[in-house]
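**Student:** Quick note, the sequences are listed as chains H and V, same order.
First residue of the first sequence: 0, per numbering that gives the first Met the number 0; consecutive thereafter.
First residue of the second sequence: 0, per numbering that gives the first Met the number 0; consecutive thereafter.
Glycine included, every Cβ here is placed at the ideal spot set by N, Cα and C.
Let me begin by handing over the structure; questions about it come next.
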Amino acid sequence: MAAETGTPTTLTLKSNDDELFSVAESAAILSVTIRNMVEDGCAGGVIPLDNVDGKTLASVITYMNGISAIPADEEKKKSYRDKFLSDKDFETLADMVLAANYLNMSCLMDAVSAKIAQVMEKKSVGWVRRKFGIENDYTPEEEAAVKEEHKWTFEGVETDDDN
Amino acid sequence: MAANTTIPHDIMLDIFSRLPAKSICRFKCLSKVWSRMFSTTYFVNSQLHRKPDEESVIVISRENIQTIDNIQLNAVSRTIDFKPSHDWFRILGSCDGLILLQTFECRVFLINPVTVEILEVPPATENRIRTYKYGFGYDPCNDEYKIVEARYSMPFVEKSKMAVEVYNVKHGFWKRVEDSPFIPCPTRNSHSAFLNGKIHWLVEKTVEAGDDYSTIAAFDLASEAFKEIALPSGISLNRIIWQCKLVVFEGCLCIVESKSNSENDIWSMKQYGVAESWIKYTFFGDFFGKNLKPLCSIEDGDEILLSSLNKLQFYNLNELSLRDAVIDAGPHTVYEEAWPFVGSILSPSVGSRLSE
Chain H
0 MAAETGTPTT
10 LTLKSNDDEL
20 FSVAESAAIL
30 SVTIRNMVED
40 GCAGGVIPLD
50 NVDGKTLASV
60 ITYMNGISAI
70 PADEEKKKSY
80 RDKFLSDKDF
90 ETLADMVLAA
100 NYLNMSCLMD
110 AVSAKIAQVM
120 EKKSVGWVRR
130 KFGIENDYTP
140 EEEAAVKEEH
150 KWTFEGVETD
160 DDN
Chain V
0 MAANTTIPHD
10 IMLDIFSRLP
20 AKSICRFKCL
30 SKVWSRMFST
40 TYFVNSQLHR
50 KPDEESVIVI
60 SRENIQTIDN
70 IQLNAVSRTI
80 DFKPSHDWFR
90 ILGSCDGLIL
100 LQTFECRVFL
110 INPVTVEILE
120 VPPATENRIR
130 TYKYGFGYDP
140 CNDEYKIVEA
150 RYSMPFVEKS
160 KMAVEVYNVK
170 HGFWKRVEDS
180 PFIPCPTRNS
190 HSAFLNGKIH
200 WLVEKTVEAG
210 DDYSTIAAFD
220 LASEAFKEIA
230 LPSGISLNRI
240 IWQCKLVVFE
250 GCLCIVESKS
260 NSENDIWSMK
270 QYGVAESWIK
280 YTFFGDFFGK
290 NLKPLCSIED
300 GDEILLSSLN
310 KLQFYNLNEL
320 SLRDAVIDAG
330 PHTVYEEAWP
340 FVGSILSPSV
350 GSRLSE
């Protein structure tokens, strides 16, 4: 690593749709996946990230740069994460959680998962089925019975906003 | 990526475990597969550890049980209908979203107000009388939920030690354990407070014949034995008998000392078991009746939700002022007793966290 020479090392990351990104090694190694590659000496040229598209990778790099610029202050890091995720829609968050999982970034993973849960909290059953691709294996009668059993939990559900 | 996002199953499960209990119950309608998933011990336990639910309040009156959610903004009440209906008498304890209740006929039930499940607890002895002290909590050493019943003969007639029985909810049986070395306070309320794996009651202890002093009994659910916790030295001992109650507030064991309609002290044991850590807070205001009990603090607001006699009120710690809680956009109805709880999807009949 280049810390000893005083010149920051830059890594080149390649998304699965062939976009190239330059990022400071100190920020990129927030990803355990990338850190392992660097430590194994596989980071000399371009680092291919086969499971992340360019749009998501750009966003993750923004996060890497933002969070690594904050000194060790968990409060400030948390508020940065909250702000970073505040305007993201479900699809972006879903891409982000997959990227965070692939890149092995536990703090981002945790924050994105919590944000998705917050988005889902008041959503309808139909909305969650569509967004997560869940197949309804109930018969209409069975579904009505389960719904009846948990009737009160349908109070205060938001109107679907995705169609 | 859009509609058919392929988030791996384990990540989805982790996301779902961060949802409040109400949302999870609704999502049991997603599919049979997910409904089964939400009932597994693994899932119930991870949701319990995450505690995504905000604090709610359960209130009982003779005719019904209500929960009050969203206390901070637009508080809404919900009446829980159990069939058949019962004449509710009092709340005996609460832990992990389960509430222990007693009816006027002295029947005892464990309920989950979110999943609307109910379990009747069989009587320990043939004659259940109302002067029993109860407690409910979780024993982490044995992974068991337990109900404790301390029985005593009429306290004003004869000061006797309490006979103690423990109901193991997981295995469904009562067991007599060693008698309590304490004698009951002749108090109207028999509030128990569950904290740190122990059930606490205000009691008295006899040093020598006729020489009693007030103290706190702590029944450890794992060892099924009593310990003693010293009262704060500044508390007025002659009030203990009639005007004090024990509660858990903000994670601390607290004694509420009702002095008058306009003044109440709350003693909070900041460090559990450390006698020097008792701190006194005095609440001033026109309390409706003396029977004040703090329920929960309201985030960001420097306010405390409390119940006084049949009324829910907010106390502002900065302005030392009191206002009535607005529920369902209006004044709330009168109830008998209020108790805070955090919703969960734990079933009352399982009796443990980890085993199926």
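For the stretch 15 to 47 of chain H, which segments carrying the alpha helix (DSSP H) assignment without a break, of at least 4 residues, lie completely within its bounds, in sequence order?
**Tutor:** Those alpha helix (DSSP H) runs which fall completely within the stretch 15 to 47 of chain H and span 4+ residues are 24 to 27, 31 to 38.
**Student:** Hey, does Asn135 (chain H) have any beta-carbon neighbour from chain V nearer than 8 Å?
**Tutor:** Here the question's residue 135 (chain H) lines up with position 136 in the first sequence. At least one chain V Cβ lies under 8 Å of Asn135 (chain H).
**Student:** For Ala116 (chain H), decide whether its Cβ has a neighbour in chain V, counting only Cβ atoms nearer than 8 Å.
**Tutor:** Position 117 of the first sequence, counted from the first residue, corresponds to residue 116 (chain H). It does: the Cβ of Ala116 (chain H) has a partner Cβ on chain V nearer than 8 Å.
**Student:** Can you name the residues of chain H whose CB is closer than 8 Å to the CB of Thr356 (chain V)?
**Tutor:** This structure does not reach residue 356 (chain V), given that chain V is present from 0 up to 355, and the question cannot be answered.
**Student:** Would you kindly work out how many angstroms separate the C-alpha atoms of Met11 (chain V) and Glu164 (chain V), rounded to a whole number?
**Tutor:** Here residue 11 (chain V) corresponds to residue number 12 of the second sequence, with the count starting at 1. Here residue 164 (chain V) corresponds to residue number 165 of the second sequence, with the count starting at 1. Approximately 43 Å between the Cα atoms of the pair.
**Student:** Taking the alpha-carbon of Lys121 (chain H) as reference, which of H:Thr11, H:Asp159, H:Gly132 has the nearest alpha-carbon?
**Tutor:** Position 122 of the first sequence, counted from the start, is the residue given in the question as residue 121 (chain H). For Lys121 (chain H), the nearest C-alpha among the options comes from H:Asp159.
**Student:** Confirm, please, whether the CB-CB distance from Asn260 (chain V) to Phe399 (chain V) is below 8 Å.
**Tutor:** Lying outside 0 to 355, the shown extent of chain V, residue 399 (chain V) is not represented and no answer is given.
**Student:** Please determine, among V:Gly92, V:Phe135, V:Leu311, V:Cys184, the residue with the shortest C-alpha to C-alpha distance to Val333 (chain V).
**Tutor:** Working through the second sequence from its first residue, we reach residue 333 (chain V) at position 334. Out of V:Gly92, V:Phe135, V:Leu311, V:Cys184, V:Leu311 has the C-alpha closest to the C-alpha of Val333 (chain V).
**Student:** Can you tell me whether DSSP reads Ile14 (chain V) as helix, strand or coil?
**Tutor:** As a working note, residue 14 (chain V) is residue 15 in the second sequence. Three-state DSSP puts Ile14 (chain V) in a helix.
**Student:** Pick out whichever of H:Asn100, H:Lys114, H:Tyr101 has its Cα sitting closest to the Cα of Leu92 (chain H).
**Tutor:** If you number the first sequence from 1, residue 92 (chain H) lands on position 93. Checking every option, the nearest Cα to that of Leu92 (chain H) belongs to H:Lys114.
**Student:** Taking the alpha helix (DSSP H) that Ile6 (chain V) belongs to, which residues open and close that run?
**Tutor:** As a working note, residue 6 (chain V) is residue 7 in the second sequence. It is not in any alpha helix (DSSP H) - Ile6 (chain V) carries neither H nor E in the DSSP assignment.
**Student:** How about the stretch 329 to 349 of chain V and the stretch 47 to 66 of chain V: do they share at least three Cβ pairs that are nearer than 8 Å?
**Tutor:** Judged by Cβ distances under 8 Å, the stretch 329 to 349 of chain V makes contact with the stretch 47 to 66 of chain V, as three or more pairs qualify.
**Student:** What are the partner residues of Asn167 (chain V), as DSSP defines its beta bridges?
**Tutor:** Here residue 167 (chain V) refers to the residue found at position 168 when the second sequence is read from its first residue. BP columns for Asn167 (chain V) point to V:Lys145, V:Phe172.
**Student:** Mind checking whether Met108 (chain H) and Ser30 (chain H) have CB atoms under 8 Å apart?
**Tutor:** Here the question's residue 108 (chain H) lines up with position 109 in the first sequence. Here the question's residue 30 (chain H) lines up with position 31 in the first sequence. The answer is no: Cβ separation not under 8 Å.
**Student:** Once DSSP output is grouped into helix, strand and coil, what is the label at Pro154 (chain V)?
**Tutor:** What you label residue 154 (chain V) is simply residue 155 of the second sequence in a count that begins at 1. Confidence in Pro154 (chain V) is poor, its pLDDT being 49 and thus under 50, which makes the residue's placement unreliable; the coordinate value appears in the next sentence. Of the three classes helix, strand and coil, the one that applies to Pro154 (chain V) here is coil, per DSSP.
**Student:** Return helix, strand or coil for Phe103 (chain V), following the three-state DSSP convention.
**Tutor:** For the purposes of this step, residue 103 (chain V) is taken as residue 104 along the second sequence, with counting starting at 1. DSSP places Phe103 (chain V) in coil when its eight states are reduced to three.
**Student:** Provide the residue span of the beta strand (DSSP E) that contains Ser259 (chain V), from first to last.
**Tutor:** Here residue 259 (chain V) refers to the residue found at position 260 of the second sequence. Ser259 (chain V) -> beta strand (DSSP E) spans 251 to 259.
**Student:** Can you pull out the residues from the stretch 17 to 50 of chain V whose beta carbon lies closer than 8 Å to at least one beta carbon of chain H?
**Tutor:** Residues Arg17, Leu18, Pro19, Lys21, Ser22, Cys24, Arg25, Phe26, Lys27, Cys28, Leu29, Ser30, Lys31, Val32, Trp33, Ser34.
**Student:** In angstroms with no decimal places, state the Cα-to-Cα distance between Asn100 (chain H) and Asn309 (chain V).
**Tutor:** As a first step, residue 100 (chain H) is located in the first sequence; it is residue number 101 there, counting from the start. As a first step, residue 309 (chain V) is located in the second sequence; it is residue number 310 there, counting from the start. Looking at the two C-alpha atoms, the distance is approximately 51 Å.
**Student:** Against chain H, does Ile146 (chain V) count as a neighbour if the rule is that its beta carbon must be under 8 Å from one of theirs?
**Tutor:** In the second sequence, the residue the question calls residue 146 (chain V) occupies position 147. No, Ile146 (chain V) does not count as interfacial toward chain H.
**Student:** Along the chain, where does the alpha helix (DSSP H) containing Asn135 (chain H) start, and where does it finish?
**Tutor:** In the first sequence, the residue the question calls residue 135 (chain H) occupies position 136. Asn135 (chain H) -> no alpha helix (DSSP H), and no H or E assigned at all.
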